[in-house]
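Here's the structure, in structure tokens; my notes come after.
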Amino acid sequence: PRANQIKRSTLYRLVNAKTRQTQLGIKLDAKGKLETIAEPSQVLEVLSRIADDIVDGRLTLKHVLNSEGVNEYMKQLGEGGLLFPTSKPSGSKSKIPNQNRQPRKPVRTSLIPKETRPDDWIEGQGKIEIIWLELQYNLTFQRHEASIPIVFRTLFELCVDFALRRRTPPKKTTLAAKAQHVAREFKKEASFTQKELDDFLRVTNNTNSPRELEALHRTVHSSSASIAKPDLVALWNSYEKFLLLCLGNN
Numbered sequence: 005p006r007a008n009q010i011k012r013s014t015l016y017r018l019v020n021a022k023t024r025q026t027q028l029g030i031k032l033d034a035k036g037k038l039e040t041i042a043e044p045s046q047v048l049e050v051l052s053r054i055a056d057d058i059v060d061g062r063l064t065l066k067h068v069l070n071s072e073g074v075n076e077y078m079k080q081l082g083e084g085g086l087l088f089p090t091s092k093p094s095g096s097k098s099k100i101p102n103q104n105r106q107p108r109k110p111v112r113t114s115l116i117p118k119e120t121r122p123d124d125w126i127e128g129q130g131k132i133e134i135i136w137l138e139l140q141y142n143l144t145f146q147r148h149e150a151s152i153p154i155v156f157r158t159l160f161e162l163c164v165d166f167a168l169r170r171r172t173p174p175k176k177t178t179l180a181a182k183a184q185h186v187a188r189e190f191k192k193e194a195s196f197t198q199k200e201l202d203d204f205l206r207v208t209n210n211t212n213s214p215r216e217l218e219a220l221h222r223t224v225h226s227s228s229a230s231i232a233k234p235d236l237v238a239l240w241n242s243y244e245k246f247l248l249l250c251l252g253n254n
């Protein structure tokens with residue numbers, strides 16, 4: 005298990021100062037037991053990042069032997085929006101109330117946001133559900149950035165084909181043509197506005213943009229093409245409503 009690969013000496017060097025503990029949303033009691041002092045899900049997010057960095061060799065004991073190395077790593081976590089503020093209101097106890105923390109920009113660790121899902125998975129969507137959950141929980145940008153666009157394209161095609169089961173298929177059989185056909189059907193059904201249709205057609209054209217459907221196709225069939233995290237996130241944001249509609253969720 006990956007948990008057994010975490011070097012405790014490296015982790016201890018990182019969290020042995022109270023200021024850093026506060027930044028990480030934790031504290032160590034007298035027996036060295038770790039407790040959370042902030043929102044547990046957000047604390048888990050930063051601790052998972054640290055654990056992955058240790059296991060994958062991006063954070064070693066050598067990096068945290070001196071204050072400069074520790075500060076540099078904490079700076080990286082801060083730039084990723086993972087740290088909590090160290091200042092506390094006067095007279096407050098060690099726990100950091102949510103209302104007193106500065107709002108942090110949510111860190112997108114996977115392609116599909118955790119709260120995004122169809123209302124119900126229905127018959128015929130078994131494989132789609134498996135791939136959806138992989139992209140939502142298991143494939144992370146930090147460790148699987150090369151795999152995500154390939155799996156994303158597979159999900160996109162399966163969703164389009166599922167939507168076409170209940171509609172007249174288009175004459176052209178390319179993925180872009182099928183997707184545009186389905187989008188026009190959504191407009192006829194009043195599920196899409198004209199602006200949403202226009203925006204969708206724009207991001208399914210065959211261009212060199214990294215933020216349209218053809219970019220996913222290039223990634224699958226090219227030995228060198230890749231898509232950066234910001235472009236993948238932008239693609240998902242462009243297609244999210246369309247894919248949910250394909251699965252029968254208006």
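Using our numbering, the first residue of the sequence shown is number 5, and each one after it goes up by one. Virtual Cβ for every residue (Gly too), placed ideally from N, Cα, C.
Where residue i falls: helix, strand or coil (DSSP)
| i | result |
| --- | --- |
| K182 | helix |
| K31 | strand |
| L87 | coil |
| S45 | helix |
| L249 | helix |
| S98 | Reliability of the predicted coordinates at S98 is poor, the pLDDT of 47 falling under 50, and no value is obtained from them. |
| P93 | The pLDDT assigned to P93 is 46, lower than 50, so where the model puts this residue is not dependable; a value taken from the coordinates is nonetheless given after this. P93: coil per DSSP, three-state reduction. |
C-beta atoms of residue i and residue j nearer than 8 Å
| i | j | result |
| --- | --- | --- |
| L28 | L87 | yes |
| R62 | L81 | no |
| I116 | L162 | no |
| P31 | E39 | Here residue 31 is Lys; the residue named in the question, Pro, does not match the sequence. Taking 8 Å as the Cβ cut-off, K31 and E39 qualify as a contacting pair. |
| L205 | K191 | no |
| V111 | E49 | yes |
| T90 | S114 | no |
| R215 | L248 | no |
| V164 | K182 | yes |
| D57 | R147 | no |
| T120 | E218 | no |
| R222 | A229 | yes |
CB-CB length for residue i against residue j, believed under 8 Å
| i | j | result |
| --- | --- | --- |
| I135 | L168 | Contact doesn't hold; Cβ gap of about 18 Å is too wide. |
| L18 | R24 | 7 Å |
| I152 | V224 | Not really, about 12 Å apart at Cβ, beyond 8 Å. |
| F246 | A187 | 6 Å |
| F166 | G128 | 7 Å |
| K11 | L65 | 7 Å |
| V59 | Q9 | 5 Å |
Cβ of residue i within 8 Å of any chain B Cβ
| i | result |
| --- | --- |
| E161 | Reference to chain B is not applicable here, since this structure consists of a single protein chain. |
Terminal residues of the beta strand (DSSP E) in which residue i lies
| i | result |
| --- | --- |
| L38 | L38 to T40 |
First through last residue of the alpha helix (DSSP H) which encompasses residue i
| i | result |
| --- | --- |
| R62 | First-last for R62: undefined, no H or E at that position. |
| T14 | R12 to V19 |
The ligand MG heavy atom lying under 7 Å from the CB of residue i
| i | result |
| --- | --- |
| E218 | Annotation note on the ligand MG: not contained in the displayed structure, which lists no ligands. |
**Report entry** Completely contained alpha helix (DSSP H) runs for the region 210 to 252, where each covers 4 or more residues
**Finding:** 217 to 225 and 233 to 250
Query - Segments assigned alpha helix (DSSP H), at least 4 residues, entirely inside the region 129 to 202 - result: 130 to 137, 145 to 148, 152 to 168 and 179 to 192
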